[in-house]
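2 protein chains.
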Amino acid sequence: MIVNAPEALDMPLIRRLGASCDLTQADEEALARLIGSPAREFSPRHDLAREGDTGRHVRLVGDGWACRYKSTLEGKRQIVGFILPGDFCDLSAYLLGHMDHSISAITRIRVALITPESLDALITGHPSLANAFWRLELINASMQREWLLSLGQRTAYERIGHLLIELFSRLRAAGLVDGNSCAFPLTQNDLADATGLSPVHVNRTLRELRLQGLVELDRKRLRLPDLATLAEASGFLPNYLHADPKERHVGVYA
Amino acid sequence: MIVNAPEALDMPLIRRLGASCDLTQADEEALARLIGSPAREFSPRHDLAREGDTGRHVRLVGDGWACRYKSTLEGKRQIVGFILPGDFCDLSAYLLGHMDHSISAITRIRVALITPESLDALITGHPSLANAFWRLELINASMQREWLLSLGQRTAYERIGHLLIELFSRLRAAGLVDGNSCAFPLTQNDLADATGLSPVHVNRTLRELRLQGLVELDRKRLRLPDLATLAEASGFLPNYLHADPKERHVGVYA
DNA sequence: CGTGAACTTGACCACTGTCAACTTAAGTGG
DNA sequence: CCACTTAAGTTGACAGTGGTCAAGTTCACG
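Here the protein sequences come in this chain order: A and B.
Residue numbering for the first sequence follows my numbering, beginning at -10 and increasing consecutively.
Residue numbering for the second sequence follows my numbering, beginning at -10 and increasing consecutively.
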C-alpha cells in the first residue's frame, strides 16, 4: 500500500539529528524531502526485511516500532535492536549489499521508501547529513555493545531494567514521552527475545520491578516512577547512547 | 615508544579490502602510506583506550590481537569484539568523539597512529577507501549482532564453537592461518569474558569439544580438525562476516 | 460475547556459576 | 640450567539463576 505522506510530521529524525549536529536550513529541507518520500505501511508482526534480502531501497521509520532480529537454525529468536521513529531500517544493507538480520514490525508502522539514488544524491549534496547518518549507525553499534554487556554480565533484573530505561531514553530523545510514561507496545515475549530470557522469567522479573515500585507496565503503557533508582539498580549509564554531543565532524562529512 | 615502520608488511588490511572492493593503484598506495604512519607498540594487557577517551588519533592494528570490552560498575568484564591485524581500533570515536568502550592488548601489539587530518585527507581524496572503511565498521556491527544471538540463544558449547570458527575465519581472511591451525593467544579467561560464561565452564566446554575431536587448543595454538562438523554443531553460518561481496558501492563512496 | 493472544503462577529441574584445591605451564632471576 | 613464582588450566562438589512444563486468568477485539 503506497501512499503519499507529504506532511513532514516526522519530527523525530530531524529532532534527533538537530540535537547532535548543526543542520543548515538547506539540510533540513533536504531531510524533509527525504522524509516525504513515498511511504508504506506494515501491520504488526509483518517482516519488513529478511536476512539475505538485497535491499531495493532504504527505509526510514516515520511512525511505529520495529525490531531487528536473528534466528538460530532451531528457530530461537534473538532481538538485536529496536527501531523507533526516526531510525533507518537498512542503512547498512545500503553499503553491505544484503541484510544480515531480519526486521519485523511491532506496531503498525509507516516507513518512507528512499531510493538508493536519492540517498546517493543527498549524501553527495549534503555531506553533513551523510556525517549524521553514519553517526546514527555508529550509535546503533554502541547500543549493541551495551546489549552484549547486558546479556553477558547482567542479571535478569538488571537486563530488563536497563532495557526499559534505554527505550524510555530513546523515546524521550524523539519527543515521544509524556512525563515519566510512554507508549510501550512490546509484549513480555518480545522482552524475552531481546534479553535472552524466557517469557516466564521476564514475567517474574517484571513483577519484582513492580513490587519495588520501579516499573509500572500495563495496557501497552510504561511508567518509570523513579528513574534514578531504577538506573542505579540496573547499572544504567546513558553515555553509550551518545545523545548529547556535537563532537567531532570531519573531512567531507564536516 | 614511537618507532617508524615504513615497510608495509601490513598486508592484512590491504588484503581484506582488496577482497571486498576494487582498489586502484592510487588507493593502494594511499593505504600503504597510511599504514606507514608512525607506529606504537603495547604489551599484553595494556589498555590502548579507555571508555570515555576522546581520541587524538585513529589507530590501525598492524600486528597482534586486542579486544574491545565494557565493564559493569561491579567490575564484571564483557569482551564485545576482537581486533585482529588489519582492523581499526577507534574509527567510531573518530566520528562519535569519545570511546564508549575500552580496548586492551591481548598480545604484544603494533598499531599505526593515524592523525585525524590524514584520515580526513584520505577520505576526501579516495572515496572508495572511505567506502571500504565504513564497510569495515558495518561488518563489525554485524559481528556484534551475531554475538548477541550467541549470548542470548546459544548453549555454552555452541557459543564457544561458534567463536572459535569466527576467529579462525577472520584470521584466514587476513592470511594468518596455516592449514587448519592458527596462532591463538586467548586464555580461557578471555574466552569466558567474550562468551558470557565462567572460566570454569569454558574449561569444561573446551574439554567436551576436545573429546568430540572438534577442537585442539594447546600452547596458544588452535587447530580445528573438522571445521564442517564444528560449524554444524555450533550453528555457524559465515554470511554475517560479509567476507565475499563486492556488492554495492554508491554515491561519493563509489 | 466469544476466541485467541498475552499474562500469571506454581512445581520442578538443569545449565552454568561459585568455591576451592590442585596441576601444569610460563616466565624470572640467581 | 635450575629453583622460584605467578599465571593459566583442570577438576570436583555444591548451589542458584533462570528454563521448562502446564494450568490457569485476564485482556483485546471482532
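Every residue gets a Cβ at the ideal spot worked out from N, C-alpha and C, and that includes glycine.
Keep in mind that this is a model prediction, so the values were computed, not measured.
Minimum C-alpha distance to residue i - residue among the options
i	options	result
A/Pro157	A/Val189, A/Trp54, A/Pro33	Per the sequence shown, the amino acid found at residue 157 of chain A is Phe instead of Pro. Answer by Cα proximity: A/Trp54.
A/Gly70	A/Arg143, A/Asn228, A/Ser139, A/Glu18	A/Ser139
B/Gly224	B/Asp167, B/His115, B/Ala163, B/His151	B/His151
B/Glu221	B/Leu206, B/Ser187, B/Arg210, B/Leu198	B/Leu198
A/Ile72	A/Glu135, A/Met88, A/Tyr58, A/Arg45	A/Tyr58
B/Pro116	B/Asn228, B/Ala8, B/Leu12	B/Leu12
B/Leu118	B/Ala8, B/Leu230, B/Pro188	B/Ala8
A/Ala121	A/Met0, A/Leu20, A/Leu226	A/Leu20
B/Ser187	B/Glu17, B/Asp52, B/Ile24, B/Ile68	B/Ile68
B/Asp89	A/Arg134, A/Val189, A/Asp207	A/Arg134
B/Thr104	B/His46, B/Ile154, B/Cys10, B/Ser93	B/His46
A/Leu208	A/Leu226, A/Val189, A/Arg48, A/Leu175	Here residue 208 of chain A is Arg; the residue named in the question, Leu, does not match the sequence. Checked all of A/Leu226, A/Val189, A/Arg48, A/Leu175; the closest Cα to A/Arg208 is A/Leu175.
B/Leu102	B/Ala163, B/Val189, B/Gly44, B/Glu63	B/Gly44
B/Phe173	B/Glu18, B/Leu2, B/Ile95, B/Leu6	B/Ile95
Residue i to residue j span [Cα, whole Å]
i	j	result
B/Val100	B/Arg39	16 Å
B/Asp182	B/Leu111	36 Å
A/Trp123	B/Arg4	25 Å
B/Asp250	B/Ala232	The shown model of chain B, from -10 to 243, leaves out residue 250 of chain B, and the question about it has no answer.
B/Leu125	B/Gly75	10 Å
B/Leu165	A/Ala217	48 Å
A/Gly86	B/Ser81	21 Å
A/Thr144	A/His35	31 Å
A/Ser91	B/Arg159	24 Å
B/Val50	B/Thr113	22 Å
B/Lys65	A/Ile24	42 Å
A/Cys171	A/Leu195	17 Å
B/Cys78	A/Gln201	41 Å
A/Arg161	A/Arg210	14 Å
B/Ser283	B/Glu18	Residue 283 of chain B is absent from the model: chain B starts at -10 and stops at 243.
Cβ neighbours of residue i in the same chain (closer than 7 Å, five flanking residues each side left out)
i	result
B/Ile(-9)	Reliability of the predicted coordinates at B/Ile(-9) is poor, the pLDDT of 36 falling under 50, and no value is obtained from them.
B/Leu84	none
B/Asn192	Gln177
A/Ser131	Tyr229, His231
A/Val239	Residue confidence is low: A/Val239 scores 44 on pLDDT, short of 50, so the model does not pin down where it sits. Its coordinate-derived value is still stated next. Taken in chain order, the list of residues that qualify is empty.
B/Asp52	Pro74, Ile98, Arg99
B/Met0	Gly164
Cutoff 9 Å: residue i Cβ touching any chain B Cβ
i	result
A/Asn129	yes
A/Asn228	yes
A/Arg66	yes
A/Gly141	yes
A/Ser60	yes
A/Gly150	no
A/Arg237	The predicted model places A/Arg237 with a pLDDT of 47, which falls under 50 and marks its position as unreliable; any figure quoted below should be read in that light. True, the Cβ-Cβ gap to chain B drops below 9 Å.
A/Asp182	yes
A/Glu244	The requested residue 244 of chain A does not occur in the structure, where chain A is confined to residues -10 to 243.
A/Arg22	no
A/Arg57	yes
A/Asn169	no
Listed by chain order, chain A residues near residue i by CB distance under 7 Å
i	result
B/Ser81	Leu127, Ala130
B/Gln133	Ala130, Gln133, Arg134, Leu137
B/Gly185	Leu140, Gly141, Gln142
B/Val50	The premise fails here: B/Val50 is roughly 18 Å from chain A at the closest Cβ pair, so nothing lies under 7 Å.
Residue i: contacting residues in chain B (beta-carbon distance under 7 Å)
i	result
A/Gly224	Thr61, Leu62
A/His90	Arg134
8 Å Cβ cut-off: residues of chain B touching residue i
i	result
A/Gln201	Residues of chain B passing the Cβ test: none, with the nearest at roughly 19 Å.
Within-9 Å CB hit, residue i to chain A
i	result
B/Asn178	no
B/Thr218	no
B/Trp123	yes
B/Asn192	no
B/Val189	no
B/Leu85	yes
B/His231	yes
B/Val245	Because chain B in this structure spans residues -10 to 243, residue 245 of chain B falls outside the shown range and cannot be described.
B/Gly70	yes
B/Arg5	no
Sequence-distant residues of the same chain with beta carbon closer than 6 Å to residue i, five excluded per side
i	result
B/Glu147	Ser223, Gly224
A/Gly185	Leu140
B/Leu108	Val47
Closer than 8 Å: residue i CB and nearest the ligand SAH heavy atom
i	result
A/Gly141	Questions concerning the ligand SAH fall outside what the structure shown contains, since it holds no ligand whatsoever.
Contacts of residue i in chain A (Cβ-Cβ under 8 Å)
i	result
B/Gly75	The premise fails here: B/Gly75 is roughly 18 Å from chain A at the closest Cβ pair, so nothing lies under 8 Å.
Proximal residues to residue i (C-beta, below 8 Å), its chain only, five neighbours per side dropped
i	result
B/Leu203	Gly150, Leu213, Pro214, Asp215, Thr218, Leu219, Ala222
A/Ala245	Residue 245 of chain A lies beyond the residue range present for chain A, which begins at -10 and ends at 243; the question has no answer from this structure.
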